[in-house]
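*Asks:* Please see the structure below; I have some questions.
In mature numbering (1 follows the signal peptide of the UniProt record, and there is no 0), the protein residues as written are -30 to -1, 1 to 1135.
Pasting the structure below:
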């Protein structure tokens, strides 16, 4: 099954590559290739801007990484190669996007750029030759899991941990994965779960945490900077529990001595997944800056998968492996048939894991092979059914899913690499070792052998056998005590560098122990705030424990104090002030004051306000020489769009119009707004009000999300009190409109809802929409203070951006008002009409990357970035108008336009005039008025083309009418090889401004052959075509012993050159041209199916200079019988001979004309 799929993909890839060589007659070289833009995306862009991925040709060469001797060096080489290649190959695209002020994110892990734009921008991008494909930023499916039944423990450990032999590794080899970092790439992690917190790399010896370089949330889906699990599939919390989790009493993890980091890359959009995958190779700080490939993990646990077979993620896996990272992937667990392993697990470079139950049988829904190109898949199987692990609610549960199986492999690799440091980073050797020591399990259902098949792969995972079979290095140990002035120093951090790197901390008694270290010399560094750093060297010998006591010298501390204020200057109480890298912390008092004791030197003070506030954190530098005062001002918190909030108090606003509501079920009511309301990137005229505590500007009756932002419904929504209040008898919803335009307010009120299952504890809350675009949430009632935690915030229509005021926190009180408004955008409004003053609906208004659309009345309203903006208003088939306007935050700017109704289009995107010295060449261009009004036009060329003329130079076109202009180039006095370039300029009073590239080139060599013709032919353009001839050395002609000339008297459609296309040469194998000067040539092939062949009975390839130029050409299928078809492409000749081969697939090849023309205007095909 997989082999036909592979051949089909190969054929598609070959066709796409070959199509890049083709240039059909009349099509300009620079015209965008429609095939580059995904059809679904193209259709969506006709309606509204969208976010899409632009994939470019070429990938970085990673060979230098293979020569590096350490994992850190490998990662650095891959990072350098990838970023350098992306910067160079994406230069033109990034320049274009910057000039267009488009929103874009370049990637380097793959050669791609994420772009948000409209159809026009996509078309411009497609014109770039380095662009390979433009496709939607599609959603990644959510992993599936199932509940399980509890299975008894074995010797106090979970059955699955015992089954793979992990406890024997712990006891016999003395390693639990120490010194290894496992990364999770899934839907987030509950980092403070008791089974995971102590293993988090971001947790320091003193118990504080630093999420920089340890956690990445590309879409900002978690409510704070800390890792979170959005509790959908819980792949991260559950998977890491199996890989590295555990406590003294809950032995749920394979490698509980390993550390973990994570990225929230799944499962929303492909671009988020790529961002997370890129971060894995070079983790960054929380701002996404300062990448550190040296901090990349050792293993990446991928608890996600895509649908079907698609190698789009393969370059990421190649980069990880080149950097010495072991990536493990889940197979599917949706179907129970063969060929159900999906990408990326289906790829040859991905190590995929199937699921076993407690009886060692493959689970019914475990993914089965074969792989992408017929490979055996999965690679191995591991326990995945009825596995007890950690959950996002801080507890434990038994579950079934591919998260469990893959995590056993990740944990096993951690054990291997910890026990055998020389194996670390050698992915190929590790895969081989896992396969060699797996327990063979025969099954031929989906193909394979008893030792290796598409159900069990290499067999069942055996961690103990793998470690036992590995070449274990000689081992010793190290212990000691850290003191100062003779007293023990607890919680000091010790870092070892040498044959391996290790880190540990002293206990309260100052002691430390590292019982298993490879022999060799180590450098030990000891740090603790309040003490100077101390270093020591120690030699670890085989089968011995070296003892190294270290003394620290206390260092003086200085008081650092100040006041933390909110954006308006008021003191900020409850803010936590920390210093990254030091175990110090202070909380501001009611006056906003704080104090810390710090050693001398340069530090950073990080002030974080309490949760559920409108202020955000701030980090400021401070240099300490003695007592120091440093005040900190907190900024307003914003989302990506720029919405901010402000908290205050005001009398509660009541609605006046009662809405129907079901007091015992879900109710959603559509309400028309009294004015158009701008919100994020959209403008809306209606709202759906739900008794679940939200109002959405797009129709929905579902509530699938509890985390913001989320692509799940509802979107384009206001969440004043989601999930915190319930309906009952007496609960009601109201709306109302107050004020006078343009300062009206529309209110939606939820009245007397109950909380905490107490019908006597009631709460009312409201949303107030201002005609100025502001949003206010109001709260009233004693039930507010005693509320069940709510989700409060705003979210855009795509579910990709949100302002989260609070998430499941008691955060508002009776009488409180929250006001939300954009901080970086102002409102742009106006009217679009046609030349007769009639309103134009559907006109695009573009400013600063924002695109607004006029309604049925011609009016438009929406947010655009603040500042001086060039506003372009356009609509097909009308012209366009561009004006400049100043946009201010919190204000309305007005711009209106009248669009002319003519719209002249041209039949070609480029005019090429290829001629010989002293001759002239003409080409015709058809102009068509696609508009609704008559057009008066002029046609000419720019001054650079002094040898090119256009006739006629002006004219008139009625709506729908066409006219032909002739462009003539005169090569009199020009030498062979001369080139002139410029533009054909077509202008109209209605706004048309066409600029068509024109090239006049004097060729140095040209041969034109009327294939199958017996005499010279002059075509409709005055071009001469020589009679056909057999090839002779030193000349040109056809080859093929069975070749014959054929002809017809029937009329040939779609051409003015009947004589040229009525003759043809059939069954030739090649046309060969000798004495061809080195250079670039355009080859033109004319075809017509004159023999009555049916589709599929005459199929052949054309190869030019050994490269596939026209693949699988089927004249009857592509053009039909007796219909002219021309293919043009360019080739480079270096050996003095141009070879055109015709390779039959079905039937015999046939060609009507062949012309080769040297192109002095080109240096490459």
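Here a beta-carbon is modelled for each residue, glycine too, at the ideal position from N, C-alpha and C.
If residue 228 sits next to residue 147, beta carbons under 8 Å apart, how far is it from one beta carbon to the other, in whole angstroms?
*Replies:* In the chain shown, residue 228 corresponds to position 258, counting from 1. In the chain shown, residue 147 corresponds to position 177, counting from 1. 3 Å between Cβ atoms; contact.
*Asks:* Count the other CB atoms, across all protein chains shown, that sit within 10 Å of the CB of residue 703; report buried if there are 16 or more and exposed otherwise.
*Replies:* Reading the chain shown from its first residue, position 733 is the one you call residue 703. When all chains shown are included, residue 703 counts as buried.
*Asks:* Using the rule of at least 16 other Cβ atoms within 10 Å of the residue's Cβ for burial, across every protein chain shown, is residue 424 buried or exposed?
*Replies:* Within the chain shown, residue 424 is the residue found at index 454, counting from 1. By the 10 Å Cβ count, residue 424 comes out buried.
*Asks:* Among 383, 461, 326, whose alpha-carbon lies nearest the alpha-carbon of residue 429?
*Replies:* Taking the chain shown and counting its residues from 1, the one referred to as residue 429 is at position 459. The candidate whose alpha carbon is nearest that of residue 429 is 326.
*Asks:* Measure how close the beta-carbons of residue 192 and residue 163 come, nearest whole angstrom, since I'm counting them as under 8 Å.
*Replies:* What you label residue 192 is simply residue 222 of the chain shown in a count that begins at 1. What you label residue 163 is simply residue 193 of the chain shown in a count that begins at 1. Rounded, the Cβ-Cβ distance is 15 Å, inconsistent with contact.
*Asks:* Nearest-angstrom Cα distance between residue 216 and residue 107?
*Replies:* What you label residue 216 is simply residue 246 of the chain shown in a count that begins at 1. What you label residue 107 is simply residue 137 of the chain shown in a count that begins at 1. Approximately 37 Å between the Cα atoms of the pair.
*Asks:* What's the gap between the Cα of residue 1065 and the Cα of residue 901?
*Replies:* Along the chain shown, one-based indexing puts residue 1065 at 1095. Along the chain shown, one-based indexing puts residue 901 at 931. Roughly 39 Å separates the two Cα atoms.
*Asks:* Could you tell me which whole beta strand (DSSP E) segments of length 3 or greater appear in the segment 605 to 681?
*Replies:* The segment 605 to 681 is shown to contain whole beta strand (DSSP E) runs of 3 or more residues at 613 to 619, 627 to 629, 638 to 649, 652 to 660, 664 to 666, in chain order.
*Asks:* Here's the rule I'm using: 16 or more other beta-carbon atoms within 10 Å means buried, otherwise exposed. How should residue 808 be labelled?
*Replies:* Locating residue 808 in the chain shown gives position 838, where the first residue counts as 1. Exposed is the call here.
*Asks:* Sorted by chain position, which residues of the same chain lie with C-beta nearer than 6 Å to residue 534's C-beta, five sequence neighbours on each side aside?
*Replies:* Here residue 534 refers to the residue found at position 564 of the chain shown. Only 542, 545, 558, 562, 577, 602 meet the Cβ criterion.
*Asks:* May I ask which residues mark the beginning and end of the alpha helix (DSSP H) holding residue 434?
*Replies:* Start at 1 with the first residue of the chain shown, and residue 434 comes out as number 464. First-last of the alpha helix (DSSP H) with residue 434: 433 to 439.
*Asks:* Considering only the beta carbon of each residue, do residue 715 and residue 708 sit closer than 8 Å?
*Replies:* Here residue 715 refers to the residue found at position 745 of the chain shown. Here residue 708 refers to the residue found at position 738 of the chain shown. Contact: yes.
*Asks:* Who are the Cβ neighbours of residue 440 in its own chain at under 8 Å, not counting the five residues just before and after it?
*Replies:* For the purposes of this step, residue 440 is identified with residue 470 of the chain shown, where counting begins at 1. Once the five neighbours on either side are set aside, the close Cβ partners of residue 440 are 386, 389, 390, 393, 403.
*Asks:* Does the distance from the CB of residue 186 to the CB of residue 300 come in under 8 Å?
*Replies:* In the chain shown, residue 186 corresponds to position 216, counting from 1. In the chain shown, residue 300 corresponds to position 330, counting from 1. No.
*Asks:* Quick one: Cα of residue 897 to Cα of residue 1135, how far?
*Replies:* On the chain shown, position 927 is the one that residue 897 refers to. On the chain shown, position 1165 is the one that residue 1135 refers to. Residue 897 and residue 1135: Cα-Cα distance of roughly 29 Å.
*Asks:* Give the C-beta separation of residue 264 and residue 35 to the nearest angstrom, bearing in mind that I take them to be a contact with Cβ-Cβ under 8 Å.
*Replies:* Start at 1 with the first residue of the chain shown, and residue 264 comes out as number 294. Start at 1 with the first residue of the chain shown, and residue 35 comes out as number 65. Contact doesn't hold; Cβ gap of about 14 Å is too wide.
*Asks:* Should residue 622 and residue 736 be called a contact, given that it needs their Cβ atoms to be closer than 8 Å?
*Replies:* The residue you call residue 622 lines up with position 652 of the chain shown. The residue you call residue 736 lines up with position 766 of the chain shown. Yes. Within cutoff.
*Asks:* Reducing DSSP to helix, strand and coil, say where residue 1122 ends up.
*Replies:* Here residue 1122 corresponds to residue number 1152 of the chain shown, with the count starting at 1. Looking at residue 1122 - three-state DSSP - the assignment turns out to be coil, as it is neither helix nor strand.
*Asks:* How long is the line joining the alpha carbons of residue 446 and residue 492, rounded to whole angstroms?
*Replies:* The count along the chain shown starts at 1 and reaches residue 446 at position 476. The count along the chain shown starts at 1 and reaches residue 492 at position 522. Computed Cα separation, rounded: 12 Å.
*Asks:* Are there 16 or more other CB atoms within 10 angstroms of the CB of residue 209, so buried, or fewer, so exposed?
*Replies:* Taking the chain shown and counting its residues from 1, the one referred to as residue 209 is at position 239. That one is buried.
*Asks:* Going by beta carbon distance, what residues of the same chain come within less than 8 Å of residue 988, once the five residues before and after it are set aside?
*Replies:* Here the question's residue 988 lines up with position 1018 in the chain shown. The residues are 994, 995.
*Asks:* Between 882, 948, 904, 877, which lies nearest to residue 888 when the distance is taken from Cα to Cα?
*Replies:* What you label residue 888 is simply residue 918 of the chain shown in a count that begins at 1. Taking only the C-alpha atoms, the option nearest residue 888 is 948.
*Asks:* If distances are taken between C-alpha atoms only, which option among 500, 501, 1108, 464 comes closest to residue 508?
*Replies:* One-based indexing of the chain shown puts residue 508 at position 538. Ranking 500, 501, 1108, 464 by Cα distance to residue 508 puts 464 first.
*Asks:* Residues in the same chain with beta-carbon distance under 8 Å from residue 416, minus the five sequence neighbours each way, listed in chain order, please.
*Replies:* The count along the chain shown starts at 1 and reaches residue 416 at position 446. Excluding residues within five positions, the ones whose Cβ falls inside 8 Å are 308, 309, 338, 339, 340, 423, 424, 425.
*Asks:* Taking all protein chains shown into account, do 16 or more other C-beta atoms lie within 10 angstroms of the C-beta of residue 1077, making it buried, or fewer, making it exposed?
*Replies:* If you number the chain shown from 1, residue 1077 lands on position 1107. Result: exposed.
*Asks:* Taking residue 1140 as the reference, give the member of 241, 588, 964, 764 with the closest Cα.
*Replies:* There is no way to answer for residue 1140, as the model of the chain reaches only from -30 to 1135.
*Asks:* Below 8 Å on the Cβ atoms is my contact criterion, and I expect residue 520 with residue 470 to pass it. Report the Cβ-Cβ distance as a whole number of Å.
*Replies:* Position 550 of the chain shown, counted from the first residue, corresponds to residue 520. Position 500 of the chain shown, counted from the first residue, corresponds to residue 470. Not quite, the Cβ-Cβ distance comes to about 19 Å (not below 8 Å), so this is no contact.
*Asks:* Pull up the DSSP beta-bridge partners for residue 1168, would you.
*Replies:* What the structure shows of the chain is the stretch from -30 to 1135, and residue 1168 is not part of that stretch, so it cannot be assessed.
*Asks:* Helix, strand or coil for residue 754, going by three-state DSSP, please let me know.
*Replies:* What you label residue 754 is simply residue 784 of the chain shown in a count that begins at 1. Three-state DSSP puts residue 754 in a helix.
*Asks:* Any idea if residue 1038 is buried or exposed, counting beta-carbon neighbours within 10 angstroms, 16 or more meaning buried?
*Replies:* Within the chain shown, numbered from 1, the residue matching residue 1038 stands at position 1068. Under this definition residue 1038 is a buried residue.
*Asks:* Is the separation between the beta-carbon of residue 832 and that of residue 820 shorter than 8 Å?
*Replies:* Within the chain shown, the letter at position 862 stands for residue 832. Within the chain shown, the letter at position 850 stands for residue 820. A contact, by the Cβ cut-off of 8 Å.
*Asks:* In this structure, does DSSP put residue 1128 in helix, strand or coil?
*Replies:* The sequence position of residue 1128 within the chain shown is 1158, counting from 1. Residue 1128 falls in the strand class under three-state DSSP.
*Asks:* Locate the beta strand (DSSP E) running through residue 106, then write down its first and last residues.
*Replies:* Here residue 106 corresponds to residue number 136 of the chain shown, with the count starting at 1. It spans 101 to 106 - the beta strand (DSSP E) in which residue 106 sits, taken as one unbroken run.
*Asks:* Would you kindly work out how many angstroms separate the C-alpha atoms of residue 53 and residue 91, rounded to a whole number?
*Replies:* The residue given as residue 53 occupies position 83 in the chain shown. The residue given as residue 91 occupies position 121 in the chain shown. Rounded to whole angstroms, residue 53 to residue 91 spans 25 Å at the Cα level.
*Asks:* What does DSSP give as the partner residues of residue 1107 in its beta bridges?
*Replies:* Along the chain shown, one-based indexing puts residue 1107 at 1137. For residue 1107, which the question treats as bridged, DSSP gives no partner whatsoever.
*Asks:* Shortest alpha-carbon distance to residue 827 belongs to which of 839, 250, 812, 283?
*Replies:* As a position in the chain shown, residue 827 is number 857, starting the count at 1. Nearest C-alpha to residue 827: 812.
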